[in-house]
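There are 2 protein chains.
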Amino acid sequence: TMGAIARVNVHYVDLKDLLTKNSSLPVFGALLEGENIYEAKLPKNGFIVMGNEGKGISHDIQKLVTHKLFIPNYPANAQTSESLNVALAAAIVCSEFRRRV
Amino acid sequence: TMGAIARVNVHYVDLKDLLTKNSSLPVFGALLEGENIYEAKLPKNGFIVMGNEGKGISHDIQKLVTHKLFIPNYPANAQTSESLNVALAAAIVCSEFRRRV
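The listed protein sequences derive, respectively, from chains A and B. Last residue of the first sequence? That's 101 in the numbering used here, and every number before it is there in order. Last residue of the second sequence? That's 101 in the numbering used here, and every number before it is there in order.
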């Protein structure tokens, strides 16, 4: 990075513990069986969980996901890759939340 | 990559030549002085030009950009980084084109 990491607050926490203790907030997870992110209702507050590129979000954490989001293919309905690089997927998810602000 | 590069058609071309010869198509460039991408009108066809992370789009190519697009800060109006990693910026731009399909 060009130093941008210095602007990010990084915390190492037990994710299951964090989500359980803040169960009043919605938990968004990027999952293949999710709702089209462009059409989903996105609130101002909540958690976004991104999974491991190969294995996805772990079973334990998936149970805590309240809203499943799916990044649709481009072109629409084309046979493309099943998954995106997790950084790119995170960028798209964050961008979509940002757009609704 | 997990082999996804095999799904992408890569061409090495003279960019100035390509854009000049296809001047009927709009050329979108990600630039700091551009229009908010979330509010801009985006067509189905055109070129998207992404610049060098440090130097941006070269002067020669900027002259051929017909539509300047800007990815706004998150949170809105916050003082954040001037530029994004080019892969992330490209993902956000492509996602926004895809959303309008």
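Just so you know, even glycine gets a beta-carbon here, dropped at the ideal spot from N, CA and C. Nothing here was measured: the structure is a model prediction, and the numbers come from that model.
Following the DSSP letters along the chain, one finds A:V93 inside the alpha helix (DSSP H) bounded by residues V86 to R99.
For chain A, the residues of the region 24-46 of chain B that bring a beta carbon within less than 7 Å of one of its beta carbons are Y38, in chain order. In the DSSP assignment, B:I48 falls within the beta strand (DSSP E) that extends over F47 to V49. Here A:E35 is bridged, per DSSP, to A:L69.
For A:K44, there is no enclosing alpha helix (DSSP H), as DSSP marks it with neither H nor E. The count of Cβ pairs closer than 8 Å, one atom from the region 50-62 of chain A and one from the region 48-60 of chain B, stays below three, leaving the stretches out of contact.
B:I92 reaches chain A at A91, I92 and S95, counting residues in chain order whose Cβ is nearer than 8 Å. Beyond the five residues adjoining it in sequence on each side, B:L25 comes within less than 8 Å, by CB distance, of N45, G46 and F47 in the same chain, given in chain order. Exposure of A:V8 is indicated by the presence of fewer than 16 other C-beta atoms within 10 angstroms of its C-beta. Scanning its chain for C-beta atoms nearer than 7 Å, with the 5 sequence neighbours on each side dropped, one finds around B:L15 the residues I61, in chain order. With respect to B:R98, A:Y74 sits close: the two C-beta atoms are nearer than 8 Å. Between B:I57 and B:L32, the CB-CB gap reaches or exceeds 8 Å. The Cβ neighbour count for B:H11, taken over all protein chains shown within 10 Å, is under 16; the residue is labelled exposed. Around the beta-carbon of A:S95, 16 or more other beta-carbon atoms lie within 10 Å, marking it buried.
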